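Take a look at the structure below.
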Amino acid sequence: LAYYVYFENSSSNPYLIRRIEELNKTANGNVEAKVVCFYRRRDISNSLIMLADKHAKEVEEESEIPKEVDLTDKQKHQLKHRELFLSRQYESLPATHIRGKCSVALLNETESVLSYLAKEDTFFYSLVYDPSLKTLLADKGEIRVGPRYQADVPDMLSEGEPDEREQAKLEVKVWDPDSHLTDHQIDQFLVVARAVGTFARALDCSSSVRQPSLHMSAAAASRDITLFHAMDTLHKHNYDLSSAISVLVPLGGPVLCRDEMEEWSASEASLFEEALEKYGKDFNDIRQDFLPWKSLTSIIEYYYMWKTTDRYIQQKRLKAAEAESKLKQVYIPTYNKPNPSQISSSNGKSSAMNGAVGAPHQTQNPLIGRACESCYITQSHQWYSWGPPNMQCRLCSPCWIYWKKYGGLKMPTLTSEDRFSPRIPVRNTGSPKSAVKTRQSFFLHTTYLTKLARQVCRNTLQLKRAARRPFVLINCAAIRAECKMSAHFWKQRLFDVQDPRLWYCTIALTIVLCVGAVQCVFAKDVLWEVIHREVVPEAF
């Protein structure tokens with residue numbers, strides 16, 4: 001089938017995107033779909049999202065295709081909604097939960113990303129997500145180029161030049177096609193090797209049990225393992241037929257060569273077929289869960305031999321017959337049930353803002369009067385509740401469909417990197433009843449010492465400007481230097497003008513600014529005396 005469809009598992013959440021592998025009919029007559037899971041960006045952790053963005057940036061930098069025009073913020077925002085992550089996870093879902101078809105493709109680096117935005121219900125993926133291990137892997141092949149994968153061919157040696165390569169690491173010649181033997185002589189030697197192999201199986205008790213008939217023994221002796229051993233023996237004896245035949249039949253009896261098909265028992269073969277049915281060609285899982293006493297090389301070799309047997313052909317025919325009997329298609333009626341998130345309906349007419357004529361019954365709904373959270377329009381033929389209930393948010397009909405299909409809002413919002421300061425949500429005040437709960441008011445009761453500190457270093461420290469820029473550091477060194485200069489200034493003025501009010505100010509200012517004892521009890525007492533006598537406004 002390989003159809004990509006939307007599944008609805010919640011009336012308020014976005015659709016699930018799944019690929020149908022097969023349709024099965026249950027015992028009670030219902031139809032279930034075996035599907036492959038796809039995940040959106042909102043379904044994975046932030047750390048994996050950062051990893052996916054890093055991978056996309058690296059692919060873009062390594063690409064030799066020139067970059068197209070830069071995307072707008074809105075296009076970048078909506079493009080993230082089209083990105084999916086494939087998984088190897090299967091699940092079964094009722095076919096009645098299907099809400100429509102979509103298209104999912106592997107990201108094509110040669111194709112413009114704008115093509116995905118231009119088509120409705122179109123998605124792409126480039127990474128594979130493992131829900132159990134929480135990992136992301138690239139799902140594409142790569143051309144293995146380089147010294148790690150390809151041989152470095154050296155230059156041809158000149159005549160008489162010594163070969164400095166390490167001979168132990170070089171290949172070993174196992175057959176010489178230019179030997180003095182003819183093809184007919186080689187074929188005769190191979191026939192002798194097969195006959196020796198058949199005779200060896202007749203003498204072997206375990207082989208007689210596994211291949212009780214002469215026909216089965218001859219077939220086993222004619223496999224590649226016997227022929228490879230015969231040709232290797234002939235090569236080692238410099239293609240001397242008499243010497244090679246004597247090695248095939250030594251004094252102890254004929255040589256018996258077995259491959260994996262003969263080494264495996266019937267119970268091991270059954271376990272292998274069961275594992276292959278469950279895991280497919282994942283030989284690592286087959287070895288780990290079913291055949292841990294077998295090596296990975298042995299399992300792979302047995303698999304390719306098993307594919308040449310009648311057992312494999314028989315199973316292939318059974319699977320083809322089962323596939324013919326399975327459901328190929330199922331009729332899904334149009335889903336017309338009202339969504340529980342629906343909050344108003346005007347029978348095709350646009351429902352207006354709060355206080356509109358002809359809608360007196362809607363004044364009791366606190367959502368009426370709010371704009372759409374996505375496109376900010378105030379009129380729509382249908383509204384849907386969106387987000388946490390305490391937030392009292394709503395979406396218009398087109399934005400609701402976009403939310404269900406793509407799992408996000410149409411318009412981008414400021415991210416943490418784009419904001420200069422923490423964002424304070426401002427709600428529409430059109431509704432007669434505020435949705436935000438009334439909070440207890442408070443005020444800041446400052447001490448006289450704090451009030452006096454506000455008058456210090458006005459030229460260097462502008463408090464209102466600093467309050468509007470909370471993330472900009474204040475130059476404490478400059479303030480400390482100005483404080484010392486101010487203390488020196490008031491000390492000089494004290495000697496110049498014998499005013500008792502200035503004595504109080506100078507003493508308090510010296511304690512607070514030079515010593516730094518902001519919490520000093522004596523400083524508080526002095527400042528209180530200054531303020532009580534109303535000398536601070538005159539002195540400053």
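Quick note, the sequence shown lines up with residues 1 to 540 if you use UniProt numbering.
For each residue, glycine too, the CB sits at the ideal point set by N, CA and C.
Quantities reported herein were computed from a predicted structural model and do not represent experimental measurements.
Contact annotation: the segment 71-89 touches the segment 398-416, with at least three C-beta pairs closer than 8 Å. Of the candidates M305, H97, L127, L127 places its Cα closest to the Cα of V104.
Around L157, the same chain offers D163 as residues with beta carbons nearer than 8 Å, after the five sequence neighbours per side are excluded. Under DSSP, N24 forms a beta bridge with E32.
For K74, the uninterrupted alpha helix (DSSP H) segment begins and ends at 73-81. Below 8 Å, too few C-beta pairs join the segment 276-283 and the segment 235-255 to call them touching: fewer than three. About 7 Å separates the CB atoms of R258 and I225; that is less than 8 Å, so the two are in contact. Membership of Q382 in any alpha helix (DSSP H) is not indicated; the residue belongs instead to the beta strand (DSSP E) covering 382-386. By the neighbour-count criterion, in which 16 or more other beta carbons inside 10 Å mark a residue as buried, G253 falls on the exposed side. Cβ-Cβ distances below 8 Å link L276 to I286, Y303 in the same chain, with the five nearest sequence neighbours on each side left out; the list follows chain order.
Boundaries of the alpha helix (DSSP H) harbouring R465: 463-468, taken from the DSSP string. By alpha-carbon distance to E262, the top candidate from A220, L318, L251 is A220. Counting of Cβ neighbours within 10 angstroms places E83 among the buried residues, the total reaching 16 or more. A direct Cα-to-Cα measurement between P340 and S11 gives close to 7 Å. For V104, the uninterrupted beta strand (DSSP E) segment begins and ends at 98-106. Taking G29 as the centre and dropping the five residues before and after it, the same chain places no C-beta closer than 6 Å to its C-beta. In summary, L395 is buried, with 16 or more beta-carbon neighbours lying within 10 Å of its beta-carbon over all protein chains present. Every candidate beta strand (DSSP E) stretch fails here, since none sits fully inside the segment 245-321 while reaching 3 residues. From the listed residues P14, I98, T72, S298, the smallest Cα separation to F7 is found for I98.
Check the Cα spacing between V174 and each of T233, Y90, E301, G387: the tightest is with T233. With the rule of 3 Cβ pairs closer than 8 Å, the segment 11-25 does not count as touching the segment 53-60.
In the DSSP annotation of this structure, C375 is not part of any alpha helix (DSSP H), being labelled neither H nor E. Inclusion of V31 and R18 in the CB contact set at 9 Å is not warranted, their separation being larger than that value. Residue A151 holds the alpha-carbon nearest to the alpha-carbon of K169 among A151, K405, I186. Contiguous beta strand (DSSP E) elements confined to the segment 148-202 do not occur, taking only those with 3 or more residues.
Non-local beta-carbon contacts of H229 in its own chain, meaning distances under 8 Å to residues more than five positions away in sequence, involve A193, V255, C257 in chain order. Counting only residues of its own chain and dropping the five nearest sequence neighbours on each side, G387 has a CB closer than 8 Å to the CB of E373, C393. A direct Cα-to-Cα measurement between Q329 and L107 gives close to 28 Å. Considering only L114, Y402, E273, E324, the residue with the shortest C-alpha distance to T309 is E273.
In chain order, I98 place their CB closer than 6 Å to the CB of I332, counting only its own chain and leaving out the 5 sequence neighbours on each side. For L137 against L48, the beta-carbon gap comes to about 11 Å, at or over 8 Å, which does not count as contact. Rounded to the nearest angstrom, the Cβ distance from P131 to S92 is 16 Å, too far for a contact under 8 Å. Straight across, the Cα-Cα distance linking K464 with A478 is about 18 Å. Beta-bridge pairing by DSSP links F443 to no other residue. The Cβ-Cβ distance between A52 and R42 does not fall below 9 Å. For R394, the three-state secondary structure derived from DSSP is strand.
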